[in-house]
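Have a look at the structure below before the remarks.
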């Protein structure tokens, strides 16, 4: 997730039990990589493997070049983005816009697979809209061209994130391909993960927005699906963990940008508690990184979150 799954977040999620944490979406034009923003997105230092780098674009040659460059940087897997619904991505004919051109998808798959020695996977939606749910057909084509896994979000591009995810198309994709299939969309608990796996026949689940403010969720789901008992730690431990993440984000981005990036993680976390938004109203205006960290960590002693009602879902 662009702007969310940066290196500090990925490392934290892996530490807390996630099986894999995929990079932020990276533009396929390597000529545009010489910026601080892209340099951070390409930063995979100290990450546990397997490391999956997601690339986005519409030019097969540029996609292949980007895949090769990321392999040279240490990526273990290249993931092709056919799922992003954002308008600014669609304007460049990338992301889920590619699902309207199966011929172009095939050429991208072919050239990327031929460019690298590591596995290539694809993340997609069920289709462009409800009249063109061609996800199963594109997944089958991906398998035939050498891709080694498919992740499918249970909405079309035109759905954006409205309504609930549907899993029938993922189930039809399961019937179409033999390679590993990963189901995505509205998976916010181990029980929901079990239901989705049962309904679709998928091999695994991917958690996206559910991790925002709750980096424990993937590890909890993984453990419970494996028959192990695991739950979130005490609220004090959660606060301390998020405080450490805030520090890591500040160091990763630098003071000014780091404070801005940390704000959304604090807000996502605090929204899980009945009285969290009151605490957020005091934290949001802070611009000094040390004060931001200190005021957040003080919630352990004086914020009242320990006694608040944690929201579910």
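In my numbering, the protein residues as written are 1 to 313. Glycine residues also receive a C-beta, built at the ideal position from the N, C-alpha and C atoms. All of these numbers come straight from a predicted model, not from anything done at the bench.
Run the CB neighbour count on residue i, radius 10 Å, all protein chains shown included, and call it buried at 16 or more, exposed below.
i	result
residue 15	exposed
residue 184	buried
residue 73	exposed
residue 163	exposed
residue 251	exposed
residue 178	exposed
residue 299	buried
residue 226	exposed
Nearest to residue i by alpha carbon, out of the options?
i	options	result
residue 236	273, 183, 127	273
residue 117	20, 146, 265	146
residue 239	177, 151, 269	269
residue 159	176, 130, 115, 257	130
residue 155	149, 141, 123, 12	123
residue 113	173, 89, 144	144
residue 103	32, 233, 275, 58	58
residue 182	202, 105, 231	202
residue 63	85, 93, 28	28
residue 93	166, 157, 149	157
residue 65	87, 109, 196, 86	109
Per DSSP, which residues does residue i bridge with? Please list them.
i	result
residue 149	121
residue 292	None, per the DSSP bridge assignment.
residue 86	DSSP output for residue 86 lists no bridge partner at all.
residue 52	77
residue 205	183
residue 27	56
Within a Cβ cutoff of 6 angstroms, which residues of the same chain sit near residue i, ignoring the five residues on either side of it in sequence?
i	result
residue 169	126, 133, 135
residue 26	41, 55
residue 242	269
residue 221	190, 193
Can you find the residues in the same chain that come closer than 7 angstroms, C-beta to C-beta, to residue i, ignoring five residues on each side of it along the sequence?
i	result
residue 214	272
residue 208	1, 184
residue 107	60
residue 12	215, 245
residue 176	136, 139, 140
Review point. Is there contact between the segment 93 to 105 and the segment 64 to 75, where contact requires at least three CB pairs shorter than 8 angstroms?
Key: The segment 93 to 105 and the segment 64 to 75 do not touch, with fewer than 3 CB-CB distances between them shorter than 8 angstroms.
Check your understanding: Are three or more beta carbon pairs between the segment 45 to 54 and the segment 79 to 98 nearer than 8 angstroms?
Key -> Judged by Cβ distances under 8 angstroms, the segment 45 to 54 makes contact with the segment 79 to 98, as three or more pairs qualify.
Point to revise | the segment 29 to 44 touching the segment 274 to 283, judged by at least three CB pairs closer than 8 angstroms | key: Between the segment 29 to 44 and the segment 274 to 283 there are fewer than three inter-stretch CB-CB distances shorter than 8 angstroms, so the stretches are not counted as touching.
**Study point:** Inter-stretch contact (C-beta, 8 angstroms, three-pair minimum) for the segment 25 to 40 and the segment 288 to 296
**Key:** Result no; under three Cβ-Cβ pairs closer than 8 angstroms.
Check your understanding: Quick one: any contact between the segment 6 to 14 and the segment 240 to 254, if contact means 3 or more CB pairs under 8 angstroms?
Key -> Contact between the segment 6 to 14 and the segment 240 to 254 is present, because at least three Cβ pairs lie under 8 angstroms.
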